[in-house]
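J.:
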Amino acid sequence: MTVSSWLSNDQSDHSSFFFSSHEILFVTIKSLECNSIDDFHVGMMLGTGSFGRVRFATHKGTQQHFAVKILRKTEVIRHKQVEHILSEKEILTTISKDNPHPFIVNLATTFQDECCLYMIIELVIGGEFFSHLRNAVKFNSSTAQFYASHIALIFEHLHSRNVIYRDLKPENLLLDQDGYLKITDFGFAKIVSYKTYTLCGTPEYIAPEVLLSKGHGKGVDWWTLGILIYEMLVGEPPFVDDDPLGIYQQILTGKVSFTRSYDKYAKSLTKKLLTQDLTKRFGCLKNGASDIKFSKWLQGIDFQALLAKKLESPIKLELSGSTDTSNFEEYPEEEGELIIPQYDGPDPFEKF
């Protein structure tokens, strides 16, 4: 599920209304007082998933805008996602407080009622990275470098806290008003000190060690970065098939075909990320993320300037205001959408 927001053409001078979303959220987390969806004006549906919806919401007390992730308890239980939802809340709560990362969507607060779980999260208005990539078909090398560098910093930060993300794909990335990435949807993320054995992820992005069920750790994230780099430069992942089993067979075979236009330094890094041997995969070696950040393909990136958002983004967004979400798709409202059945079974959400 992705996070979107709602259209409001309130101002036209970008320099006058854009503040650091990082600073705004920090203030919001400290000051936001709410324990019910009634504390918000809830607007249009902005995103959809198997057991929930994302809607635009405005806090009545502060008039601040958020995205609210509304998860139906009956569907969460039916899809056996209770553990994933509780883990997502725990991880986002931990990484959002004190000094939140500029490239990670932050969580303001959570609460629940008889029907639903609610996650109040940061509003990101530049649209889905997936849409921007599809519109471009593929990116040039410098654009791919810029966004691959974001992911390297994100994973370096998460891994320092023993969090593995496990679900990197263009659909789980958003662009902020400056054209910088923010990663969202931590449903498959997990705190792991060594290995875990759960089979999860998107078929085209799953690492071979996950398929082999021999236990996996932080290395799976670096594999997915290799897949993303390839998809940005080619326009599709390296392993594709109409049948997931066909994709899995290709992943286990490990053969990657590169186009003639594929940047030679990007090719070198991609190969080092998409190696099945964890003792040779970049990101898993003694230098960690530094092997990726200082590879020949990324050596021209000033990572400190990137983290401080001082570099010019290759994607320029035309926005009319701080809540202009014209870069997002519109989702039709379904009849009976707001009628949500009350859950009256045993409560597995005590810790939410």
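Under numbering that gives the first Met the number 0, the letters of the sequence shown match residues 0 to 351, in that order. Glycine included, every Cβ here is placed at the ideal spot set by N, Cα and C.
1) Under the three-state reduction of DSSP, which class applies to His78: helix, strand or coil?
2) Go to Tyr247, then tell me how far its alpha helix (DSSP H) extends in each direction, as first and last residue.
3) Using the rule of at least 16 other Cβ atoms within 10 Å of the residue's Cβ for burial, across every protein chain shown, is Leu268 buried or exposed?
4) Here's a check: name, in chain order, each residue in its chain whose Cβ is nearer than 8 Å to the Cβ of Asp112, leaving out the five neighbours to either side.
5) On the three-state DSSP scale, how would you describe Arg133?
6) Any idea what DSSP makes of Gln144, helix, strand or coil?
7) When burial is assigned at 16 or more other CB atoms within 10 Å of the CB, is Glu329 buried or exposed?
8) Compute the beta-carbon to beta-carbon distance between Leu174 and Leu316, rounded to the nearest angstrom, for a pair I have assumed lies under 8 Å.
9) Between Ala307 and Pro345, what straight-line distance do the alpha-carbon atoms span, to the nearest angstrom?
10) May I have the straight-line CA-CA distance separating Thr183 from Lys96, to the nearest angstrom?
11) Quick one: grab the DSSP three-state call for Glu127.
12) Expressed to the nearest angstrom, what Euclidean distance is found between the alpha-carbon atoms of Glu332 and His83?
13) From the DSSP output, which residues share a beta bridge with Ile69?
14) Does the Cβ-Cβ distance between Cys33 and Ile69 come in under 8 Å?
15) Counting along the chain, where does the beta strand (DSSP E) carrying Ile291 start and finish?
16) Give the single residue among Lys270, His156 and Lys79 whose Cα lies nearest to the Cα of Ser354.
17) Could you pull the start and end residues of the beta strand (DSSP E) that Phe110 belongs to?
18) Ignore the nearest five residues each way along the sequence and tell me which others in Lys350's own chain have a CB closer than 7 Å to its CB.
19) Lys308 lies in the alpha helix (DSSP H); which residues open and close that run?
20) Note down the Cα distance separating Gln249 from Gly42, rounded to an integer number of angstroms.
21) Would a C-beta distance cut-off of 8 Å place Gln144 and Ile300 closer than the cut-off?
22) Roughly how many whole angstroms lie between the Cα atoms of Asp12 and Leu318?
23) DSSP on Thr195, reduced to helix/strand/coil?
24) With the cut-off set at 8 Å, would you say Phe185 and Ile120 are in Cβ contact?
T.: The short version:
1) coil
2) Pro243 to Thr252
3) buried
4) Ser35 and Ile36
5) helix
6) helix
7) exposed
8) 7 Å
9) 46 Å
10) 16 Å
11) strand
12) 27 Å
13) Arg52 and Tyr117
14) no
15) Segment Ser289 to Lys292 is the alpha helix (DSSP H) holding Ile291; no beta strand (DSSP E) there.
16) The displayed coordinates of the chain run from 0 to 351. Any statement about residue 354 would go beyond what the structure contains.
17) Leu106 to Gln111
18) Leu85
19) Lys308 -> no alpha helix (DSSP H), and no H or E assigned at all.
20) 43 Å
21) yes
22) Caution is warranted here: a pLDDT of 33 is assigned to Asp12, below 50, making its placement in the model unreliable, and no coordinate value can be reported.
23) strand
24) no
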